[in-house]
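In what follows, a structure is listed as structure tokens, so that the remarks can point back to it.
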Amino acid sequence: MSSHDTELSPAERARRRAIASLARLAGTSAALPFLASFAPPTVSAQTPAPIGAPATPGPPARPAPQPGTRVVMLGTHGGAGIERDRAETSSAVVVDGVPYLVDCGYGSLRQLVLSTIGYQQLDTIFFTHLHDDHTSDLPALLSHQWTGGAKKTPTEIYGPNGTARLVDAALGYLRVNAEIRTVDEGRTIDPATLFHGHDVAATAAPTRVLADDRVTVTAVESAHYPGRSTDRMPHRALSYRFDTKERSVVFTGDTAYSENIVGLAKGADLFVCEVMAQSVYDANVARAKEAEAAGNPVSIARHVAETHSTPADVGRMAAKAKVKTVVLYHLLPAARVPGSLDYAITNFTDGVRTAGFTGEVIVGQDLMVL
Ligand SMILES: [Zn+2]
Ligand SMILES: [Zn+2]
Numbered sequence: 000m001s002s003h004d005t006e007l008s009p010a011e012r013a014r015r016r017a018i019a020s021l022a023r024l025a026g027t028s029a030a031l032p033f034l035a036s037f038a039p040p041t042v043s044a045q046t047p048a049p050i051g052a053p054a055t056p057g058p059p060a061r062p063a064p065q066p067g068t069r070v071v072m073l074g075t076h077g078g079a080g081i082e083r084d085r086a087e088t089s090s091a092v093v094v095d096g097v098p099y100l101v102d103c104g105y106g107s108l109r110q111l112v113l114s115t116i117g118y119q120q121l122d123t124i125f126f127t128h129l130h131d132d133h134t135s136d137l138p139a140l141l142s143h144q145w146t147g148g149a150k151k152t153p154t155e156i157y158g159p160n161g162t163a164r165l166v167d168a169a170l171g172y173l174r175v176n177a178e179i180r181t182v183d184e185g186r187t188i189d190p191a192t193l194f195h196g197h198d199v200a201a202t203a204a205p206t207r208v209l210a211d212d213r214v215t216v217t218a219v220e221s222a223h224y225p226g227r228s229t230d231r232m233p234h235r236a237l238s239y240r241f242d243t244k245e246r247s248v249v250f251t252g253d254t255a256y257s258e259n260i261v262g263l264a265k266g267a268d269l270f271v272c273e274v275m276a277q278s279v280y281d282a283n284v285a286r287a288k289e290a291e292a293a294g295n296p297v298s299i300a301r302h303v304a305e306t307h308s309t310p311a312d313v314g315r316m317a318a319k320a321k322v323k324t325v326v327l328y329h330l331l332p333a334a335r336v337p338g339s340l341d342y343a344i345t346n347f348t349d350g351v352r353t354a355g356f357t358g359e360v361i362v363g364q365d366l367m368v369l
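Mapped onto numbering that gives the first Met the number 0, the consecutive letters of the sequence shown carry residue numbers 0 to 369.
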């Protein structure tokens, strides 16, 4: 570390290390062999295409992908907002070289490129819920998959109620671009044949969403929308579990403490869980009381306080589910000053341990590979 580096914030040092390592890897990808070694392009509608698979026959065959399951933290920013050091929420599970995306907030598309996963052959997306900090890059992702021209297999998008409608809306955005390029460039593929949205039921017990020869994905309803809201709208939020040959990984998405999630996460290897610092919870409880006194009982502050997890909530879920490792993401507070984190890492990790979780606790960073 140079003397200059010591003047940088932890976030900036992490960001520079990630970029430097990715730059070094551009030629050899030695530190990300599972991303650098691609499978041959033998795909079907039910089998997601290996990342990096050549679009047309001709280039020399790449070596088979290194087997294994890795999690790539693409975006770890908490809530809606754009900042330099963290993209909005997105993660990828890469199984034997094939990526599965979980959420697609703003910045995800670029993070997919920086991570070397890429976006052209991504075939499967799961949404935990449809807040825009988890979905904003979907229109960009789908339209660039179509415009890129190499996408021959469908992209299947799963999520709670409203997902099919959201995908239809993204197709609506893409339609004008497709009309122009179809006339002007002789394109032949109708975007509607490539992109399919699927609404998944929100259940208390784990429900199977997808199973292929690499992974089984199950989901439960999480606790991101309180009963006072779900009584008045059809929208729900989900948590997902990925089981592969080697590992089990759970993504909570946004949620308060949830017994459904405890059931989903039983014995999981990685428990990727959202978190807000206790100070954020306390400040939002105080603001919600002020808003209620001023005549607004349903405030943003009340939403934040009631529908996210304090470090103690995370620790209670992790301990009760007996997961092996906790990975924190969707970090609140988010950075408000470029290059700073606005919090000490221990504000998150200490509370998880105080609640009784004794395993490893990792604070997620963008482009972290686990
Ligand atoms: Zn969120
Ligand atoms: Zn949310």
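C-beta: ideal position from N, C-alpha, C; glycine also.
These numbers come from a predicted model, not from an experiment.
- Task: Kindly give me the distance between the Cβ atoms of R240 and L263, rounded to whole angstroms, as I take these residues to be in contact under 8 Å.
- Result: Position 241 of the sequence shown, counted from the first residue, corresponds to residue 240. Position 264 of the sequence shown, counted from the first residue, corresponds to residue 263. About 5 Å separates the two Cβ atoms, so the contact holds.
- Is it the case that the Cβ atoms of C272 and V313 are separated by a distance below 8 Å? As a working note, residue 272 is residue 273 in the sequence shown. As a working note, residue 313 is residue 314 in the sequence shown. Cβ atoms of C272 and V313: closer than 8 Å.
- Within the structure, which residues are defined as neighbours of ligand 1 by a Cβ-heavy atom distance below 6 Å, reported in chain order? G78, T88, H130, D132, H133, D253, H329
- So what's M275 in DSSP terms, helix, strand or just coil? Translated into the one-based positions of the sequence shown, residue 275 becomes position 276. Three-state result, M275: strand.
- Message: Using DSSP's beta-bridge definition, name the partner residues of D156.
- Response: In the sequence shown, the residue the question calls residue 156 occupies position 157. The sequence given here places Ile at residue 156; Asp does not occur at that position. Bridge partners of I156: I124, G196.
- H76 beta carbon near ligand 2 (any heavy atom closer than 7 Å): The residue given as residue 76 occupies position 77 in the sequence shown. No.
- Within the present structure, is the beta-carbon of H223 separated from the nearest heavy atom of ligand 2 by less than 7 Å? On the sequence shown, position 224 is the one that residue 223 refers to. Under cutoff, so the answer is yes.
- Query: When the Cα of A354 is compared with those of K244, A318, G117, which residue comes out closest?
  - Reply: What you label residue 354 is simply residue 355 of the sequence shown in a count that begins at 1. Taking only the C-alpha atoms, the option nearest A354 is A318.
- Item | Residue burial classification, P98 (beta-carbon count within 10 angstroms, cutoff 16) | Within the sequence shown, residue 98 is the residue found at index 99, counting from 1. Looking at its Cβ environment, which holds 16 or more other Cβ atoms inside 10 Å, P98 is buried.
- Run the proximity test for I234: is its beta-carbon closer than 7 Å to any non-hydrogen atom belonging to ligand 2? Here residue 234 refers to the residue found at position 235 of the sequence shown. Note on identity: in this sequence residue 234 is His, with Ile being the wrong assignment. It does not: the Cβ of H234 is nowhere closer than 7 Å to a heavy atom of ligand 2.
- Task: Say yes only if the C-beta of H128 is nearer than 7 Å to one or more non-hydrogen atoms of ligand 2, and no if none qualify.
- Result: The residue given as residue 128 occupies position 129 in the sequence shown. It does: the Cβ of H128 is within 7 Å (strictly closer) of some heavy atom of ligand 2.
- Query: Could one say the Cβ of D132 lies closer than 8 Å to chain C's Cβ atoms, at least one of them?
  - Reply: Chain labels in this structure do not include chain C; a single protein chain is all it has.
- Query: Name the DSSP bridge partner or partners of R186?
  - Reply: In the sequence shown, the residue the question calls residue 186 occupies position 187. R186 is not bridged to any residue.
- Query: On the three-pair Cβ rule with 8 Å, is the stretch 210-223 touching the stretch 172-192?
  - Reply: no
- Task: Rounded to whole angstroms, what's the CA-CA distance from G252 to A91? Just pull it up for me.
- Result: Position 253 of the sequence shown, counting from 1, holds the residue named residue 252. Position 92 of the sequence shown, counting from 1, holds the residue named residue 91. Rounded to the nearest angstrom, the two C-alpha atoms are 13 Å apart.
- Could you tell me whether the Cβ atoms of H128 and H223 are closer together than 8 Å? The sequence position of residue 128 within the sequence shown is 129, counting from 1. The sequence position of residue 223 within the sequence shown is 224, counting from 1. Their beta carbons are under 8 Å apart, which means H128 touches H223 by this criterion.
- Query: Is it right to say R164 is buried, meaning 16 or more other beta carbons lie within 10 angstroms of its own, or is it exposed?
  - Reply: Stepping through the sequence shown from its first residue, residue 164 is reached at position 165. Its Cβ having fewer than 16 others within 10 Å, R164 is exposed.
- State the start and end residues of the unbroken beta strand (DSSP E) segment that holds R207. By 1-based counting over the sequence shown, the position of residue 207 is 208. Looking at the DSSP string, the run of the beta strand (DSSP E) that includes R207 is 206-210.
- Spatial neighbours of Y157 in its chain, beta-carbon cut-off 6 Å, leaving aside the 5 residues before and after: Within the sequence shown, residue 157 is the residue found at index 158, counting from 1. Once the five neighbours on either side are set aside, the close Cβ partners of Y157 are F125, H197, V199, V208.
- Message: So, at 6 Å on beta carbons, what are the nonlocal neighbours of P225 in its own chain, with the 5 sequence-adjacent residues on each side left out?
- Response: The sequence position of residue 225 within the sequence shown is 226, counting from 1. If we look at P225 and ignore the five residues flanking it on each side, its Cβ neighbours are E305.
- Decide if Q364 is buried, meaning its Cβ has at least 16 other Cβ atoms within 10 Å, or exposed. Within the sequence shown, the letter at position 365 stands for residue 364. Q364 comes out buried.
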